[in-house]
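Asks:
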Amino acid sequence: MENRGLIFIPDISGFTQFMHEIEIEHGRQIIQELLETLVNANQIGLEISEIEGDAILFFKFGKAPELETLYKQVERMFCDFHKYLIAYDNRRFCQCKSCISAVNLTLKVVAHYGEFTTYQVKNFRKLIGKDIIVAHQLLKNDIDQHEYWLVTQNLLNGQNPDGFTEWMQWYPGSKTTENEQIPFQYTQIGALKDSIPRYEPPLLEPREKVKMLSVSREYDAAIKKMFFTAGHLELRHRWQDGLISIEELDHFLPGIGSRHRRTREDGETIMYASGFSYDPESRIVFSESDEKLTNTLYFVLEKLAENRTRLSLEYYIKNDPLKQLAFRLFKKDKMEATYKKSLANLEKLLPEITVPVDF
């Protein structure tokens, strides 16, 4: 049985301690998504021993991998990690501190080679051995930077860790424990973010669309309260006329691209969250489009005063003269009545809503 192998630990940091329920829950979900992203980026056959808070303990028995191979693995995980954060920052709806600060999360990677063995606890393959302890001790060190790749001398085995990129510089370091000095080399990897392609938002609305209907109502409520109440899917059935239920179809936090199933009295529709802009001092806009991108509903919130907001429901369809004519003849009057009733229902719901302090 082999008892020597690679120990590889990517570790996420950057979240401060949050006090409010929404922040804690959203922080947990973001970390979960990031950990899954790191697992999916595994391309060298690493095995998972366990998830340790914001870190993953990977291992692989056998001969130490080539440093070039390890660098490619670090590069893949780091870039996928930041691609997720950039995408989330561009598509998120939530304005809590966890969601706003997520884009500032960082990733470091510790790589070590040594002796360890495994033992089974139900479905988990746990690791034990001196070098497992060493690898964990290296997560706490005196390196000032937050994003780096640390490689121990055990893993380097006399090799020089260079030649991967022109910008990469390596620095010596060591960790003092109760029993020994652990020498290592480390390099900053933040420059890898420069290689990430620019975020391109998905096209989730008809390219050419025409406004067919607009219904508005003013409310004695702050714009953030209006956004919280109108935007939360779990409240929609309480004010949107004819809506029976909404089921979220994605497990990640709501944002552009997330889907939900809308069940109305006249049938079911899959909808995408298709657009969002947020300026609580003036105007908040979010939109939803059907799966086939034939129609889009805009929710337009305009701040009129500190506790006065106008909400407009604006309905667009794909630019098609025949469909526009059919809508005007057969659907417009009914939809306009439905929207007006919905906005009236929303006014009745508002007194029951308390906006969390961290929203």
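If you're matching positions, the sequence shown starts at 404 in the numbering used here and goes up one per residue. Glycine residues also receive a C-beta, built at the ideal position from the N, C-alpha and C atoms. Small disclaimer: the values here were computed from a predicted structure and weren't measured.
(1) Quick check on this structure: which residue in Arg601, Thr632, Thr580, Arg711 has the alpha carbon closest to the alpha carbon of cysteine 497?
(2) Spell out the partners DSSP gives glycine 408 in its beta bridges.
(3) Which residues share a DSSP beta bridge with threonine 757?
(4) Note down, in chain order, each residue of its chain lying with its Cβ closer than 8 angstroms to the Cβ of threonine 472, except the 5 sequence neighbours on either side.
(5) Leucine 508 and phenylalanine 411 - do their beta-carbons sit closer together than 9 angstroms?
(6) Would you be able to state if there are at least three C-beta pairs under 8 angstroms between the region 518 to 535 and the region 428 to 441?
(7) For tryptophan 552, which residues from the same chain have a beta carbon less than 6 angstroms from its beta carbon, with the 5 sequence-adjacent residues on both sides left out?
(8) Candidates Gly430, Ser680, Ala514, Ala538: which alpha carbon is nearest alanine 467's?
(9) DSSP puts lysine 706 in a beta bridge; with which residues?
(10) Measure the C-alpha to C-alpha separation of histidine 423 and lysine 500 and round it to an integer number of angstroms.
(11) Since isoleucine 626 contacts leucine 704 with CB under 8 angstroms, what's their CB separation in whole angstroms?
(12) If arginine 662 sits next to aspartate 653, beta carbons under 8 angstroms apart, how far is it from one beta carbon to the other, in whole angstroms?
(13) Determine which residues share a DSSP beta bridge with methionine 615 and list them.
(14) What number of angstroms, rounded off, separates the C-alpha of histidine 549 from the C-alpha of leucine 510?
(15) Just how far apart, CA to CA, sit glutamate 608 and asparagine 443?
(16) Using three-state DSSP, classify phenylalanine 762 as helix, strand or coil.
(17) On the DSSP letters alone, give me the boundaries of the beta strand (DSSP E) that aspartate 682 sits inside.
(18) Is serine 577 helix, strand or coil by DSSP?
(19) Shortest alpha-carbon distance to asparagine 557 belongs to which of Gln572, Asp547, Leu541?
(20) Buried or exposed: which applies to proline 600, given that a residue is buried once 16 or more other Cβ atoms fall within 10 Å of its Cβ?
(21) With respect to the beta strand (DSSP E) encompassing tyrosine 589, which residues constitute its N-terminal and C-terminal limits?
(22) Quick check on the DSSP output: the beta strand (DSSP E) that includes threonine 666 runs from which residue to which?
(23) On a Cα-Cα basis, can you pick out the residue from Gly465, Met615, Asp693, Trp570 that is closest to lysine 737?
(24) Can you find the residues in the same chain that come closer than 7 angstroms, C-beta to C-beta, to valine 758, ignoring five residues on each side of it along the sequence?
(25) Where lysine 726 and valine 618 are concerned, what is the direct C-alpha to C-alpha distance, given to the nearest angstrom?
(26) Note the first and the last residue of the continuous beta strand (DSSP E) segment covering lysine 529.
(27) Taking just the CA atoms, how far does glycine 660 sit from phenylalanine 464?
(28) Please check the pair leucine 449 and proline 564, which I expect to be a contact at CB under 8 angstroms, by giving their CB distance rounded to whole angstroms.
(29) Could you please give the first and the last residue of the uninterrupted beta strand (DSSP E) stretch that includes valine 779?
(30) Helix, strand or coil for glutamate 621 per DSSP?
(31) Quick check on this structure: which residue in Ile451, Val688, Ser648, Leu696 has the alpha carbon closest to the alpha carbon of arginine 528?
(32) Any idea what DSSP makes of arginine 686, helix, strand or coil?
(33) Our contact map puts threonine 568 next to tyrosine 516 with C-beta atoms below 8 angstroms; I'd like the distance itself, whole angstroms only.
(34) According to DSSP, simplified to helix, strand and coil, what is lysine 721?
(35) Cutting at 6 angstroms between CB atoms, please list the residues of its own chain near lysine 744, excluding the five before and the five after it.
(36) At what residues does the beta strand (DSSP E) containing glutamate 650 begin and finish?
Replies: The short version:
(1) By one-based count along the sequence shown, residue 497 stands at place 94. Nearest of Arg601, Thr632, Thr580, Arg711 to cysteine 497, Cα basis: Thr632.
(2) Locating residue 408 in the sequence shown gives position 5, counting from the first residue. Phe464, Gly517.
(3) Residue numbering aside, residue 757 sits at position 354 when the sequence shown is read from its first letter. For threonine 757, which the question treats as bridged, DSSP gives no partner whatsoever.
(4) Within the sequence shown, residue 472 is the residue found at index 69, counting from 1. Same-chain partners within the cutoff: Ile447.
(5) As a position in the sequence shown, residue 411 is number 8, starting the count at 1. As a position in the sequence shown, residue 508 is number 105, starting the count at 1. Result no, Cβ atoms of phenylalanine 411 and leucine 508 do not sit closer than 9 angstroms.
(6) no
(7) For the purposes of this step, residue 552 is taken as residue 149 along the sequence shown, with counting starting at 1. Excluding positions up to five away in sequence, the list reads Val477, Val512, Thr590, Ile592.
(8) Taking the first residue of the sequence shown as position 1, residue 467 is located at position 64. Looking at the Cα atoms, Ala514 is the closest of the given residues.
(9) The sequence position of residue 706 within the sequence shown is 303, counting from 1. DSSP output for lysine 706 lists Thr712 as bridge partner(s).
(10) Here residue 423 corresponds to residue number 20 of the sequence shown, with the count starting at 1. Here residue 500 corresponds to residue number 97 of the sequence shown, with the count starting at 1. Straight-line Cα distance between these residues: approximately 10 angstroms.
(11) As a working mapping, residue 626 is identified with position 223 in the sequence shown. As a working mapping, residue 704 is identified with position 301 in the sequence shown. Right, the Cβ-Cβ distance comes to about 5 angstroms (below 8 angstroms), so this counts as a contact.
(12) Numbered from 1 along the sequence shown, position 259 holds the residue referred to as residue 662. Numbered from 1 along the sequence shown, position 250 holds the residue referred to as residue 653. With a Cβ gap of about 6 angstroms, arginine 662 and aspartate 653 count as contacting.
(13) The residue given as residue 615 occupies position 212 in the sequence shown. According to DSSP, methionine 615 bridges with nothing at all.
(14) Here residue 549 is taken as the residue at index 146 of the sequence shown, counted from 1. Here residue 510 is taken as the residue at index 107 of the sequence shown, counted from 1. Rounded to whole angstroms, histidine 549 to leucine 510 spans 7 angstroms at the Cα level.
(15) Working through the sequence shown from its first residue, we reach residue 608 at position 205. Working through the sequence shown from its first residue, we reach residue 443 at position 40. Those two C-alpha atoms are separated by around 29 angstroms.
(16) Here residue 762 refers to the residue found at position 359 when the sequence shown is read from its first residue. Coil, per DSSP.
(17) The residue labelled residue 682 in the question sits at position 279 within the sequence shown. Here the beta strand (DSSP E) through aspartate 682 covers 670 to 682.
(18) Within the sequence shown, residue 577 is the residue found at index 174, counting from 1. Of the three classes helix, strand and coil, the one that applies to serine 577 here is strand, per DSSP.
(19) Here residue 557 corresponds to residue number 154 of the sequence shown, with the count starting at 1. The option with the nearest alpha carbon to asparagine 557 is Leu541.
(20) Looking up residue 600 in the sequence shown gives position 197. Its Cβ having fewer than 16 others within 10 Å, proline 600 is exposed.
(21) Counting from 1 along the sequence shown, the entry for residue 589 is found at position 186. Tyrosine 589 -> beta strand (DSSP E) spans 584 to 591.
(22) By 1-based counting over the sequence shown, the position of residue 666 is 263. That run of the beta strand (DSSP E) goes 662 to 667.
(23) Numbered from 1 along the sequence shown, position 334 holds the residue referred to as residue 737. For lysine 737, the nearest C-alpha among the options comes from Met615.
(24) In the sequence shown, residue 758 corresponds to position 355, counting from 1. Hits under 7 angstroms: Lys627, Lys628, Phe631.
(25) Stepping through the sequence shown from its first residue, residue 726 is reached at position 323. Stepping through the sequence shown from its first residue, residue 618 is reached at position 215. Cα to Cα, the separation comes out at about 20 angstroms.
(26) Here residue 529 refers to the residue found at position 126 when the sequence shown is read from its first residue. That run of the beta strand (DSSP E) goes 527 to 531.
(27) As a first step, residue 464 is located in the sequence shown; it is residue number 61 there, counting from the start. As a first step, residue 660 is located in the sequence shown; it is residue number 257 there, counting from the start. Near 40 angstroms, if we compare the C-alpha coordinates of glycine 660 and phenylalanine 464.
(28) By one-based count along the sequence shown, residue 449 stands at place 46. By one-based count along the sequence shown, residue 564 stands at place 161. The pair is not a contact, with the Cβ atoms about 19 angstroms apart (cut-off 8 angstroms).
(29) Because the chain in this structure spans residues 404 to 762, residue 779 falls outside the shown range and cannot be described.
(30) Locating residue 621 in the sequence shown gives position 218, where the first residue counts as 1. Strand, per DSSP.
(31) Position 125 of the sequence shown, counting from 1, holds the residue named residue 528. Nearest option by C-alpha distance: Ile451.
(32) Taking the first residue of the sequence shown as position 1, residue 686 is located at position 283. Strand, per DSSP.
(33) In the sequence shown, residue 568 corresponds to position 165, counting from 1. In the sequence shown, residue 516 corresponds to position 113, counting from 1. Threonine 568 to tyrosine 516, Cβ: 23 angstroms. No contact.
(34) Position 318 of the sequence shown, counted from the start, is the residue given in the question as residue 721. In the structure shown, lysine 721 sits in a strand (DSSP, three-state: E or B).
(35) As a position in the sequence shown, residue 744 is number 341, starting the count at 1. If we look at lysine 744 and ignore the five residues flanking it on each side, its Cβ neighbours are Asp644.
(36) Along the sequence shown, one-based indexing puts residue 650 at 247. Note, glutamate 650: beta strand (DSSP E), 646 to 651.
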